[in-house]
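Asker: So the sequences go chain by chain: A and B. Take the first sequence: its position 23, counted from the start at 1, is 23 in the numbering used here, and no numbers get skipped. Take the second sequence: its position 168, counted from the start at 1, is 1168 in the numbering used here, and no numbers get skipped. All C-beta atoms, glycine included, are put in the ideal place defined by N, C-alpha and C. Just so we're clear, the structure is a prediction, and the values are computed from it rather than from any experiment.
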Amino acid sequence: MDRKYMFIFLLAAILLALVLSPFASSWPDGLERVAEDKGFIEKGHVKPALRSLVPDYILLGIKNKKVATALAGVLGTLLVFGVAYGLAALLRAAKGDRKRSAP
Amino acid sequence: MHIPDGFLATSTWIPAWIVAAGGIGYSLRKTARIVRDRFVPLIGTMAAFIFAAQMLNFPVMGGTSGHLLGGVLAAVMLGPYAGAVTISVVLIVQCLIFQDGGLTALGANILNMALIGTVGGYYIYSGLRKIVGVERFLLAVVLASWFSVVLASCACAIELAISGTSPLGIALPAMAGVHALIGIGEAIITALVTSFVLKTRPDLIYTYRSAEA
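1. DSSP puts M1055(B) in a beta bridge; with which residues?
2. Whole angstroms are fine: how far does the CA of L1181(B) sit from the CA of L1028(B)?
3. Three-state secondary structure (DSSP) at S1011(B)?
4. Taking only the alpha-carbon atoms, compute the straight-line gap between T77(A) and L53(A) and give it to the nearest angstrom.
5. Using 8 Å as the threshold, is the C-beta distance between L31(A) and M1001(B) below it?
6. Mind listing the chain A neighbours of L1056(B)? Cutoff is C-beta to C-beta under 8 Å, in chain order.
7. For Y85(A) and L79(A), what's the separation of their Cα atoms in angstroms?
8. From F1196(B) to A1009(B), what distance separates their C-alpha atoms?
9. Take every Cβ of the stretch 1111-1121 of chain B, pair it with every Cβ of the stretch 1147-1158 of chain B, and state whether three or more of those distances are shorter than 8 Å.
10. What residues in its chain sit with their C-beta under 7 Å from that of T69(A), if we drop five residues either side in the sequence?
11. Since I believe G1101(B) is in contact with I1003(B) (beta carbons under 8 Å), could you give me their beta-carbon distance rounded to a whole number of angstroms?
12. Out of L1139(B), L1172(B), T1165(B), state which residue places its alpha-carbon closest to the alpha-carbon of I1188(B).
13. Grab me the residues of G1185(B)'s own chain with a C-beta within less than 6 Å of its C-beta, minus the 5 sequence neighbours each way, in chain order.
14. For a cutoff of 8 Å on Cβ pairs, would you count E1212(B) as touching chain A?
15. What's the C-alpha gap between A1161(B) and T1064(B)?
16. Using a Cβ cut-off of 7 Å, pull out every chain A residue sitting near S1166(B), in sequence order please.
17. Can you give the Cα-Cα distance for T1200(B) and Y1208(B), rounded to whole angstroms?
18. Would you tell me roughly how many angstroms separate the C-alpha atoms of A1053(B) and L15(A), rounded to the nearest one?
19. Is it buried or exposed, F7(A), if we count other Cβ atoms within 10 angstroms and call 16 or more buried?
20. K66(A): which of L18(A), G39(A), K43(A), G96(A) sits nearest, CA to CA?
21. My output table needs one value for G1066(B): the three-state DSSP class, helix, strand or coil.
22. Determine which residues of the stretch 1069-1088 of chain B have a Cβ less than 9 Å from any Cβ of chain A, and write them out in chain order.
23. Give me the DSSP bridge partner(s) of D29(A).
24. V83(A) versus chain B: which residues are under 7 Å apart at the beta carbon?
25. Rounded to the nearest angstrom, how far is the Cβ of F81(A) from that of G1044(B), given a contact under 8 Å?
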């Protein structure tokens, strides 16, 4: 029952990323708006400290920008699920070890 | 409000990284204490859901958009420290894979959104529950979601000011003002999701149960 319920939530997340992310507002967000209005947006125009694989949520090699965003969104959703799940499983395992080693 | 590289001075982002690392370490230890079998998929699912929801920018006024932060949502569902771990995972993946938020600014982004917005947001929520009454769960969720976004934006403004990027007298009202609007969206989405879980599986809401018990 738990698994089924959480699967539905995960499916909802994947669908949000797949169907809605290409249609999200591309207007600047709150911080970018303030940076433009208050004249410090150009400070962010530096070479990024790290070159990411999928900059700005657009999967490289796909011409259609909406499709590239949707696929990047699904990829990210699954990746975040995997990392968070894996980390929580590690913490649970660490807890189990402590319990067993206790006298 | 993911800060990119270049906005923060070195003398600001290094201390922010140290505070963020300490906060994550503490949150991991606290999470390890409460993690049970059912918690593992729940943390994964919440992180995935918040990541997806963060992609969905909604317009708040002419030429400006905002998106869910998810700090209070994660904290209400998982408790403050597992919530902070969840938001940190989202921020780290966004930074490393999608270049959303700079690597130098990652510490500050974790400090603002995973620690102040999530752990801070949780304490606003639990304080409000005492004031408005434990049964007015959703009211506390709505108000805390709004406050958490404004609070995180104020922290961001302070970091910009310390960095010499924008004076506090300018950055603080501007950031708080626009995020007071974005916070309304945060409150609506957080209320919709928590009320759905409340109706279907209230036992999965960590802080709902602990307050009842």
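Answerer: So, to answer that:
1. The count along the second sequence starts at 1 and reaches residue 1055(B) at position 55. In the DSSP output, where bridge partners are listed per residue, M1055(B) has none listed.
2. What you label residue 1028(B) is simply residue 28 of the second sequence in a count that begins at 1. What you label residue 1181(B) is simply residue 181 of the second sequence in a count that begins at 1. C-alpha separation (whole angstroms): 32 Å.
3. Translated into the one-based positions of the second sequence, residue 1011(B) becomes position 11. Here S1011(B) sits in helix by DSSP.
4. As a position in the first sequence, residue 77(A) is number 77, starting the count at 1. As a position in the first sequence, residue 53(A) is number 53, starting the count at 1. Distance between the alpha carbons of T77(A) and L53(A) is about 15 Å.
5. Numbered from its first residue, the first sequence carries residue 31(A) at position 31. Numbered from its first residue, the second sequence carries residue 1001(B) at position 1. Taking 8 Å as the Cβ cut-off, L31(A) and M1001(B) qualify as a contacting pair.
6. As a position in the second sequence, residue 1056(B) is number 56, starting the count at 1. L16, L20, S21, A24, listed in chain order.
7. The count along the first sequence starts at 1 and reaches residue 85(A) at position 85. The count along the first sequence starts at 1 and reaches residue 79(A) at position 79. Rounded to the nearest angstrom, the two C-alpha atoms are 10 Å apart.
8. As a first step, residue 1196(B) must be located in the second sequence, where it is residue number 196. As a first step, residue 1009(B) must be located in the second sequence, where it is residue number 9. Approximately 42 Å, taken between the alpha carbons.
9. yes
10. Against the first sequence, residue 69(A) aligns to sequence position 69. Correct list, in chain order: S21, P22, Y57, I58.
11. By 1-based counting over the second sequence, the position of residue 1003(B) is 3. By 1-based counting over the second sequence, the position of residue 1101(B) is 101. Sure, about 6 Å apart at Cβ, within 8 Å.
12. Counting from one through the second sequence, the residue named residue 1188(B) turns up at place 188. Checking every option, the nearest Cα to that of I1188(B) belongs to L1139(B).
13. Along the second sequence, one-based indexing puts residue 1185(B) at 185. Cβ neighbours of G1185(B) beyond the five flanking positions: F1058, G1066.
14. Here residue 1212(B) refers to the residue found at position 212 when the second sequence is read from its first residue. Any reading at E1212(B) must be qualified, since the residue scores a pLDDT of 49, below 50, and its modelled position is unreliable; the value itself is stated next. Chain A, which has no Cβ nearer than 8 Å to the Cβ of E1212(B), makes this no.
15. Locating residue 1161(B) in the second sequence gives position 161, where the first residue counts as 1. Locating residue 1064(B) in the second sequence gives position 64, where the first residue counts as 1. Distance between the alpha carbons of A1161(B) and T1064(B) is about 22 Å.
16. The sequence position of residue 1166(B) within the second sequence is 166, counting from 1. Neighbours of S1166(B) on chain A, chain order: K38, F40.
17. Residue numbering aside, residue 1200(B) sits at position 200 when the second sequence is read from its first letter. Residue numbering aside, residue 1208(B) sits at position 208 when the second sequence is read from its first letter. One C-alpha to the other measures close to 13 Å.
18. As a first step, residue 1053(B) must be located in the second sequence, where it is residue number 53. As a first step, residue 15(A) must be located in the first sequence, where it is residue number 15. Answer to the nearest angstrom: the Cα atoms are 10 Å apart.
19. By 1-based counting over the first sequence, the position of residue 7(A) is 7. It is exposed - the Cβ of F7(A) has fewer than 16 other Cβ atoms within 10 Å.
20. Here residue 66(A) refers to the residue found at position 66 of the first sequence. For the residues L18(A), G39(A), K43(A), G96(A), the minimum Cα distance to K66(A) belongs to L18(A).
21. As a first step, residue 1066(B) must be located in the second sequence, where it is residue number 66. Of the three classes helix, strand and coil, the one that applies to G1066(B) here is strand, per DSSP.
22. A1082, V1085, T1086
23. Reading the first sequence from its first residue, position 29 is the one you call residue 29(A). BP columns for D29(A) point to S1065(B).
24. For the purposes of this step, residue 83(A) is taken as residue 83 along the first sequence, with counting starting at 1. Chain B residues near V83(A): V1089, V1093.
25. Your numbering for residue 81(A) matches position 81 in the first sequence. Your numbering for residue 1044(B) matches position 44 in the second sequence. With a Cβ gap of about 5 Å, F81(A) and G1044(B) count as contacting.
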